[in-house]
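Q:
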Amino acid sequence: MSQKVTKAIFPVAGLGTRFLPATKSVPKEIMTLVDRPLIQYAIDEARAAGITEFIFVTSRGKGALEDYFDSAPVLEEALRDKGKDKLLDTLLDTNMESGAIAYIRQHKALGLGHAIWCARRLIGDEPFAVMLPDDVIAAQKPCLQQMVEAYAECGGNMVAAMEVAPEQTSSYGVLDVARPAQNRIVDVKGMVEKPPAGTAPSNLAVIGRYILSPNVLKNLDEVKQGTGGEIQLTDAIASEIEQDRKVYGYQFDGRRFDCGSKSGFLQATVSFGLERAELRDDLKAYLKELAPTLD
Ligand code: UTP
Numbered sequence: 222m223s224q225k226v227t228k229a230i231f232p233v234a235g236l237g238t239r240f241l242p243a244t245k246s247v248p249k250e251i252m253t254l255v256d257r258p259l260i261q262y263a264i265d266e267a268r269a270a271g272i273t274e275f276i277f278v279t280s281r282g283k284g285a286l287e288d289y290f291d292s293a294p295v296l297e298e299a300l301r302d303k304g305k306d307k308l309l310d311t312l313l314d315t316n317m318e319s320g321a322i323a324y325i326r327q328h329k330a331l332g333l334g335h336a337i338w339c340a341r342r343l344i345g346d347e348p349f350a351v352m353l354p355d356d357v358i359a360a361q362k363p364c365l366q367q368m369v370e371a372y373a374e375c376g377g378n379m380v381a382a383m384e385v386a387p388e389q390t391s392s393y394g395v396l397d398v399a400r401p402a403q404n405r406i407v408d409v410k411g412m413v414e415k416p417p418a419g420t421a422p423s424n425l426a427v428i429g430r431y432i433l434s435p436n437v438l439k440n441l442d443e444v445k446q447g448t449g450g451e452i453q454l455t456d457a458i459a460s461e462i463e464q465d466r467k468v469y470g471y472q473f474d475g476r477r478f479d480c481g482s483k484s485g486f487l488q489a490t491v492s493f494g495l496e497r498a499e500l501r502d503d504l505k506a507y508l509k510e511l512a513p514t515l516d
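Here's what the structure looks like:
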């Protein structure tokens, strides 16, 4: 039986340049899908998976994120006075228990691997999850919970994986697979970050959910700048395989939206809007009205 996973790192120190000018003053992770910021979806998914310690790797200008998880006494009082109990509950749900969140700074956006490395002293010697809030996953059972259950059986390191079209592999970390999936789990024999077109070892792409052994943090001590001049997490995980430790890909059940891109964000907005009972009819009517005009 593997050690329980109770800590998760949320790297949120990126520059979010694809959403400029919005991200000049609003952290990408605070942008809202319907009425909840991206980060709230990630936190809810982590809680469902049994995570109790939340580590944010932030940077200058991300203060709105810290405020979001703090209590908001003036707002709470106003809602209480007006008897808006349902809204008050929604608000209180976003407060985090004192001490549950730790914030650590990445002083320069040197890449995802570097962001994770910045949190090394808060992880110590236990397995940990990594969640990228701009990957939002709609699933019956939350994706990280699926992974934690699979990890309890097989241990090692585990990355969330999904099939992508061959022309898209150059945008992802891609798995080199030792054998076909069994119970959604593939044995990984290699990983490549953003392989040039036509060179990908498979069409199984890594997306933003990981369960990693603390060895990966040691590997990050050694990892040099890789693809795009950044310190790549993929390289530190791939070096686990070189050291004869296990890496598994987990083909999760669910639909992932790339909310780090404008198109993915818009698709997620429509899909999550359609899931909401109070919005569904209006939104559906509008989409139907729009559909014939789209060609
Ligand atoms: P992205 O590759 O989406 O980069 O990072 P980005 O800076 O957020 O956005 P663009 O590409 O400029 O539009 C994936 C995740 O890794 C974090 C980001 O905050 C995001 O959650 N990250 C990336 C860091 O924390 N530090 C880094 O140096 C790079």
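In terms of the numbering used here, the sequence shown opens at residue 222 and continues consecutively.
In this text, a Cβ means the ideal position worked out from N, Cα and C, and glycines have one as well.
Treat the numbers as computed from the prediction; the structure is a model and nothing was measured.
Which residues in the same chain as Q366 place their Cβ atom closer than 6 Å to its Cβ, once the five residues preceding and following it in sequence are excluded?
A: So the list reads A269, A270, once near-sequence residues are dropped.
Q: Quick check on this structure: which residue in V226, L309, E384 has the alpha carbon closest to the alpha carbon of L425?
A: Nearest option by C-alpha distance: E384.
Q: What residues are listed by DSSP as bridge partners for P417?
A: P417 pairs with nothing; no bridge assigned.
Q: Name the one or two DSSP bridge partners that M352 has.
A: DSSP lists R430 as partners of M352.
Q: Roughly how many angstroms lie between the CA atoms of E510 and A243, to the nearest whole one?
A: The alpha-carbon atoms of E510 and A243 are separated by roughly 29 Å.
Q: Would DSSP call E287 helix, strand or coil?
A: Helix at E287.
Q: With burial defined as no fewer than 16 other Cβ atoms inside 10 Å of the residue's Cβ, what is the status of E370: buried or exposed?
A: Classification for E370: exposed.
Q: State the Cα-Cα distance for the pair R477 and V427, rounded to the nearest angstrom.
A: Each residue's alpha carbon lies about 11 Å from the other.
Q: Grab me the residues of I251's own chain with a C-beta within less than 8 Å of its C-beta, minus the 5 sequence neighbours each way, in chain order.
A: P258, L259, I260, A285, L286, Y289.
Q: Enumerated in chain order, which unbroken segments of the beta strand (DSSP E) with a length of 3 residues or greater are wholly contained in the segment 346-403?
A: The qualifying runs are 349-352, 356-359, 378-384, 394-403.
Q: Once DSSP output is grouped into helix, strand and coil, what is the label at R476?
A: Here R476 sits in strand by DSSP.
Q: List in chain order the residues whose CB is within less than 6 Å of at least one heavy atom of the ligand UTP.
A: Here the list is P232, V233, A234, G235, L236, G237, T238, R239, K249, V278, Q327, A330, L331, G332, L333, H335, A336, L353, P354, D355, G481.
Q: Mark G235 as exposed unless 16 or more other C-beta atoms lie within 10 angstroms of its C-beta, in which case mark it buried.
A: G235 should be labelled buried.
Q: Please classify K307 as buried or exposed, where buried requires at least 16 neighbouring CB atoms within 10 angstroms.
A: Its Cβ having fewer than 16 others within 10 Å, K307 is exposed.
Q: Output needed for D442: all residues of its chain with C-beta closer than 8 Å, excluding positions within five of it in sequence on either side, in chain order.
A: These residues qualify, in order along the chain: W338.
Q: From this set, I272, D256, I230, G282, which residue's C-alpha is nearest P248's C-alpha?
A: The shortest C-alpha separation from P248 is found at G282.
Q: Tell me where the beta strand (DSSP E) around V278 begins and ends.
A: Unbroken beta strand (DSSP E) run through V278: 274-279.
Q: How many angstroms separate the CA atom of D256 from the CA atom of S484?
A: Rounded to whole angstroms, D256 to S484 spans 18 Å at the Cα level.
Q: At the level of alpha carbons, what is the spacing between L438 and S246?
A: Each residue's alpha carbon lies about 31 Å from the other.
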